[in-house]
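**Q** These protein sequence lines map, in sequence, to chains A and B.
For the first sequence, this note's numbering assigns the number 1 to the initial residue and increments by one for each residue that follows.
For the second sequence, this note's numbering assigns the number 118 to the initial residue and increments by one for each residue that follows.
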Amino acid sequence: MDIYLHNQMKIENTQSQMRKGVLEYCILTLTSAGEVYASDIIRHLKDAKLIVVEGTLYPLLTRLKNAGLLKYEWKESDQGPPRKYYSLTTEGENFKTELAATWTELTTSVSKITNTK
Amino acid sequence: MNKIIQINLAGQAVSIDEQAYQKLSEYLKQLENHFASTPDGSEILGDIESRIAELFFSKLKKGNAFINDTDVTEAITLMGTPSDMGIEDEYEEQASNQTSSVETSKKLFRDPNDRVLGGVCSGLAAYFGMDTSLMRVITILLVVFAGLPIFIYIILWAVLPEATSPQDRYRMYGDATTVNDIVDSVRNEAKGVASRVKNEASTVANNFKKNAKSYSSSGGVTNGLGQVIRFFSKIFGAAVLTGLVATAIALIVILLSNAAGGLDINWHGEEVTTPSLLKSPTLNWIFSISLLSLILIPIGTACYGILTYIFNSENYINLKAIFLAWLICLAVFIGTSIYSAGNLNVESFKTFGEELRQNENFHNSIEPVSPIDPLDPIEPLESLEPLEPLEPAEPLEPLEDWVYPDSI
């Protein structure tokens with residue numbers, strides 16, 4: 001196997017690991033406003049250039065819901081089919097607070113290192 | 118001119134033109150395959166369908182009479198391709214929960230980017246750090262000359278996962294190799310097959326529950342009945358596959374032995390060799406091989422199609438190329454048939470038939486021809502008395518000198 005492909009895989013791997021954690025944290029933060037609709041979350045994430053296509057979000061939402069961090073309620077809509085409105089569970093609330101603390105720590109640490117370099 | 122049809126998408130009635138409908142249902146089918154092995158695949162799919170329905174709804178509200186091709190393309194670009202919807206993350210999470218570390222060890226995969234059939238050879242080559250072509254040649258040689266059964270390939274095809282994500286590809290090449298690694302990965306994947314089957318069953322069950330709650334996202338794509346039909350059609354497919362493989366094997370044996378110059382058959386307990394179909398060995402060979410390919414190409418294609426259907430993998434088949442190959446075989450077959458019309462091994466068949474008949478007569482003659490009628494006993498022949506042995510003749514006494522009487 002050629003070295004280029006090998007390195008490319010390593011980069012993609014690291015990038016996806018980095019993005020994965022951040023994306024989860026952002027979804028939890030966006031949901032903490034309470035009762036948000038999936039396409040609202042998508043709009044914010046798209047604006048912030050964190051995701052490119054909408055399809056990426058749905059598997060993530062389902063996973064966070066299965067992990068007990070999110071819950072949803074069906075609401076009728078005049079825009080089409082009934083919608084799922086997401087909100088945080090208590091566990092999700094705690095999870096988000098912990099992640100927020102970690103994120104602040106991480107950004108300070110990382111900026112310290114990259115600045116001194 | 119296009120037909121407009123009404124479909125039920127996530128519980129919404131949507132008017133859509135036929136071409137656009139084809140495109141949409143193809144896309145949803147792709148997603149369905151992609152999420153088939155994910156535990157909550159049907160839920161994710163339902164979310165996506167709802168979202169697409171909503172996008173369409175807003176289009177229709179703007180005054181469009183129906184959904185057209187452009188609208189569908191727009192929605193698909195917005196939602197993204199199946200590969201954008203990473204579910205391999207979830208797999209990894211499950212895996213790392215079990216081993217409590219990020220798995221970087223080497224693993225056996227199939228390589229979807231470099232495949233002839235299932236990508237098994239390229240996966241093995243990557244695993245052993247070999248050249249892929251060399252691996253393929255070795256495999257073919259083993260199959261043809263050492264009698265490695267083809268079904269081992271099919272089992273590996275079924276059991277090994279495809280390396281789809283960059284992580285998978287990284288692990289496919291890996292670092293260290295031991296025999297234990299191979300045994301482990303095959304064992305783990307065997308579990309994977311079981312859980313894939315289990316997932317399939319649980320998706321069916323979930324869909325039933327969902328339909329019972331009458332909250333179904335129908336559209337004819339994800340409903341419970343469809344799932345059940347799909348599940349059973351897969352089982353049916355497996356049965357058909359077995360039949361096809363058996364037929365193919367029988368045909369291979371018959372035609373290859375004809376190519377090799379005759380078929381050994383057992384006729385009334387005796388080994389007899391049938392004469393080959395054509396007189397010329399070369400023609401006979403070409404004839405048999407082209408007839409064999411003519412039959413095996415469609416059977417093989419069908420088998421591959423069924424396999425990809427059963428395992429929800431993508432179909433890489435190039436029907437045009439296969440049809441072309443088939444046409445070539447057909448041409449060769451017709452050509453040899455016409456050319457060899459006068460080359461039929463008629464005399465050999467005649468003598469062969471004669472031989473068989475003689476054989477049969479011989480066997481028949483052993484058995485009693487007709488039962489003896491008890492009412493008509495055969496009279497015993499009068500036995501001749503043995504002749505008494507002749508007594509040995511007494512030796513003649515020497516004649517005395519006979520004296521003629523002097524006086525009578």
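For glycine and all other residues, C-beta sits at the position ideal for the given N, C-alpha and C.
Which residues of chain A have a Cβ atom closer than 8 Å to the Cβ of Ala242 of chain B, listed in chain order?
**A** Within the second sequence, the letter at position 125 stands for residue 242 of chain B. Those within 8 Å of Ala242 of chain B in chain A number zero; the least Cβ separation is about 10 Å.
**Q** Along chain A, in chain order, which residues have C-beta atoms closer than 8 Å to that of Leu195 of chain B?
**A** For this step, residue 195 of chain B is matched to residue 78 along the second sequence. Neighbours of Leu195 of chain B on chain A, chain order: Val53, Glu54.
**Q** According to the neighbour-count rule (16 or more other Cβ atoms, all chains shown, within 10 Å of its Cβ), is Asp228 of chain B buried or exposed?
**A** Residue mapping note: residue 228 of chain B aligns to position 111 of the second sequence, counting from 1. Buried, because 16 or more other Cβ atoms sit within 10 Å of the Cβ of Asp228 of chain B.
**Q** Of all the CB atoms in chain A, is at least one closer than 8 Å to the CB of Arg168 of chain B?
**A** Taking the first residue of the second sequence as position 1, residue 168 of chain B is located at position 51. True, the Cβ-Cβ gap to chain A drops below 8 Å.
**Q** Along the alpha helix (DSSP H) that carries Ile133 of chain B, what are the first and last residues, could you check?
**A** Translated into positions along the second sequence, residue 133 of chain B becomes position 16. Run containing Ile133 of chain B: none in the alpha helix (DSSP H); it sits in the beta strand (DSSP E), 129 to 134.
**Q** I need the straight-line Cα distance from Tyr58 of chain A to Ser167 of chain B, nearest angstrom please.
**A** As a working note, residue 58 of chain A is residue 58 in the first sequence. As a working note, residue 167 of chain B is residue 50 in the second sequence. Computed Cα separation, rounded: 11 Å.
**Q** How about Leu126 of chain B and Ile169 of chain B: do their beta carbons lie closer than 8 Å?
**A** Residue numbering aside, residue 126 of chain B sits at position 9 when the second sequence is read from its first letter. Residue numbering aside, residue 169 of chain B sits at position 52 when the second sequence is read from its first letter. Yes, these two residues count as a Cβ contact at 8 Å.
**Q** For the region 245 to 263 of chain B against the region 458 to 476 of chain B, do three or more pairs of beta-carbon atoms, one drawn from each stretch, fall closer than 8 Å, so that the two count as touching?
**A** Cβ pair count under 8 Å is below three, so no.
**Q** Label Tyr433 of chain B either buried or exposed according to how many other C-beta atoms from any shown protein chain fall within 10 Å of its C-beta, with 16 as the threshold for buried.
**A** The residue labelled residue 433 of chain B in the question sits at position 316 within the second sequence. With fewer than 16 Cβ atoms within 10 Å of its Cβ, Tyr433 of chain B is classed as exposed.
**Q** Which same chain residues, not among the five before or five after Leu172 of chain B, have their C-beta less than 6 Å away from its C-beta?
**A** As a first step, residue 172 of chain B must be located in the second sequence, where it is residue number 55. Closer than 6 Å at Cβ, skipping near neighbours: Ala192.
**Q** Could you list which residues in chain A have their beta carbon closer than 7 Å to that of Gln129 of chain B, in chain order?
**A** Counting from 1 along the second sequence, the entry for residue 129 of chain B is found at position 12. The answer, in chain order, is Gly80, Pro81.
**Q** Select from A:Lys20, A:Glu35, A:Tyr72, A:Ser77 the residue whose C-alpha is nearest the C-alpha of Gln129 of chain B.
**A** As a first step, residue 129 of chain B must be located in the second sequence, where it is residue number 12. If we check each option's Cα against that of Gln129 of chain B, A:Ser77 comes out closest.
**Q** What do you get for Trp274 of chain B, buried or exposed, if any count of 16 or more other CB atoms within 10 angstroms of its CB means buried?
**A** The sequence position of residue 274 of chain B within the second sequence is 157, counting from 1. Counting Cβ neighbours within 10 Å, Trp274 of chain B comes out buried, since at least 16 surround it.
**Q** Ala38 of chain A touches chain B at which residues, Cβ-Cβ below 8 Å?
**A** Taking the first sequence and counting its residues from 1, one reaches residue 38 of chain A at position 38. The answer, in chain order, is Asp164, Arg168.
**Q** Taking contact to mean at least 3 C-beta pairs separated by less than 8 Å, is the region 59 to 68 of chain A in contact with the region 174 to 189 of chain B?
**A** Segments in contact, no.
**Q** Considering only C-alpha positions, which residue in the set B:Ser350, B:Asp186, B:Met196 is nearest to Gly425 of chain B?
**A** Taking the first residue of the second sequence as 1, we reach residue 425 of chain B at position 308. First, the residue type needs correcting, since residue 425 of chain B is Thr and not Gly in the sequence shown. The option with the nearest alpha carbon to Thr425 of chain B is B:Ser350.
**Q** With a threshold of 8 Å between beta-carbons, can Ser218 of chain B be considered close to chain A, or not?
**A** The residue you call residue 218 of chain B lines up with position 101 of the second sequence. Below a pLDDT of 50, predicted positions are generally treated as unreliable, and Ser218 of chain B, at 40, falls in that range; no measurement from the model is reported.
**Q** Give me the subset of the region 248 to 266 of chain B whose CB atoms are less than 8 Å from a CB atom of chain A, sorted by chain position.
**A** Going along the region 248 to 266 of chain B in chain order, one finds no residue with a Cβ nearer than 8 Å to chain A.
**Q** Under 8 Å, Cβ to Cβ, is there at least one residue of chain A near Ser175 of chain B?
**A** As a position in the second sequence, residue 175 of chain B is number 58, starting the count at 1. Chain A, which has a Cβ nearer than 8 Å to the Cβ of Ser175 of chain B, makes this yes.
**Q** Per DSSP, Tyr37 of chain A is paired with what?
**A** As a position in the first sequence, residue 37 of chain A is number 37, starting the count at 1. A:Tyr85.
**Q** Going along the chain, which residues of its own chain have a beta-carbon closer than 6 Å to the beta-carbon of Ser331 of chain B, five neighbours each way excluded?
**A** One-based indexing of the second sequence puts residue 331 of chain B at position 214. Confidence in Ser331 of chain B is poor, its pLDDT being 42 and thus under 50, which makes the residue's placement unreliable; the coordinate value appears in the next sentence. Cβ within range, chain order: n/a, list empty.
**Q** What does the Cβ neighbour count give for Ser405 of chain B, buried or exposed, with the cut at 16 atoms within 10 Å?
**A** The residue given as residue 405 of chain B occupies position 288 in the second sequence. That one is buried.
**Q** Counting Cβ pairs, one atom from each stretch, are 3 or more of them under 8 Å apart for the region 152 to 160 of chain B and the region 87 to 104 of chain A?
**A** With the cut-off at 8 Å, the region 152 to 160 of chain B and the region 87 to 104 of chain A do not touch.
**Q** Three or more C-beta pairs under 8 Å: does that hold for the region 22 to 32 of chain A against the region 80 to 96 of chain A?
**A** The region 22 to 32 of chain A vs the region 80 to 96 of chain A: in contact.
**Q** Along the chain, where does the alpha helix (DSSP H) containing Glu160 of chain B start, and where does it finish?
**A** Locating residue 160 of chain B in the second sequence gives position 43, where the first residue counts as 1. From DSSP, the alpha helix (DSSP H) with Glu160 of chain B extends over 158 to 178.
**Q** Below 8 Å on the Cβ atoms is my guess for Asp231 of chain B versus Thr56 of chain A; work out the distance and round it to an integer in Å.
**A** Counting from 1 along the second sequence, the entry for residue 231 of chain B is found at position 114. Counting from 1 along the first sequence, the entry for residue 56 of chain A is found at position 56. With a Cβ gap of about 27 Å, Asp231 of chain B and Thr56 of chain A do not count as contacting.
**Q** Mark Lys146 of chain B as exposed unless 16 or more other C-beta atoms lie within 10 angstroms of its C-beta, in which case mark it buried.
**A** As a first step, residue 146 of chain B must be located in the second sequence, where it is residue number 29. Lys146 of chain B should be labelled exposed.
**Q** Does the beta-carbon distance from Leu409 of chain B to Leu368 of chain B come in below 8 Å?
**A** Position 292 of the second sequence, counted from the first residue, corresponds to residue 409 of chain B. Position 251 of the second sequence, counted from the first residue, corresponds to residue 368 of chain B. Taking 8 Å as the Cβ cut-off, Leu409 of chain B and Leu368 of chain B qualify as a contacting pair.
**Q** For my contact list, Val362 of chain B and Ile403 of chain B are in at a C-beta cut-off of 8 Å; report their separation, rounded to the angstrom.
**A** Within the second sequence, residue 362 of chain B is the residue found at index 245, counting from 1. Within the second sequence, residue 403 of chain B is the residue found at index 286, counting from 1. At roughly 25 Å, the Cβ-Cβ gap does not stay under 8 Å, so Val362 of chain B and Ile403 of chain B are not in contact.
**Q** Just curious, the alpha helix (DSSP H) that Leu273 of chain B is in, first and last residue?
**A** Counted from its first residue, the second sequence places residue 273 of chain B at position 156. It spans 267 to 276 - the alpha helix (DSSP H) in which Leu273 of chain B sits, taken as one unbroken run.
**Q** Leaving out the 5 sequence neighbours to the left and right, which residues in its chain are closer than 8 Å to Ile3 of chain A when beta-carbon positions are compared?
**A** Here the question's residue 3 of chain A lines up with position 3 in the first sequence. Closer than 8 Å at the Cβ level, and outside the excluded window around Ile3 of chain A, lies no residue.
**Q** Is the CB of Glu160 of chain B under 8 Å away from at least one CB in chain A?
**A** Reading the second sequence from its first residue, position 43 is the one you call residue 160 of chain B. True, the Cβ-Cβ gap to chain A drops below 8 Å.
**Q** Helix, strand or coil, according to DSSP, for Ile427 of chain B in the structure here?
**A** In the second sequence, counting from the first residue as 1, residue 427 of chain B sits at position 310. Correct three-state label for Ile427 of chain B: helix.
**Q** Within 10 Å of its beta-carbon, does Phe152 of chain B have 16 or more other beta-carbons around it, so buried, or fewer, so exposed?
**A** Translated into positions along the second sequence, residue 152 of chain B becomes position 35. Label assigned to Phe152 of chain B: buried.
**Q** Is it buried or exposed for Phe226 of chain B, if we count other Cβ within 10 angstroms and need 16 for buried?
**A** The residue given as residue 226 of chain B occupies position 109 in the second sequence. With 16 or more other Cβ atoms within 10 Å, it is buried.
**Q** Take Thr198 of chain B as the anchor and find which of B:Pro415, B:Asp186, B:Asn150, B:Ala419 has the nearest alpha-carbon.
**A** Locating residue 198 of chain B in the second sequence gives position 81, where the first residue counts as 1. When each option's Cα is compared against that of Thr198 of chain B, the closest is B:Asn150.
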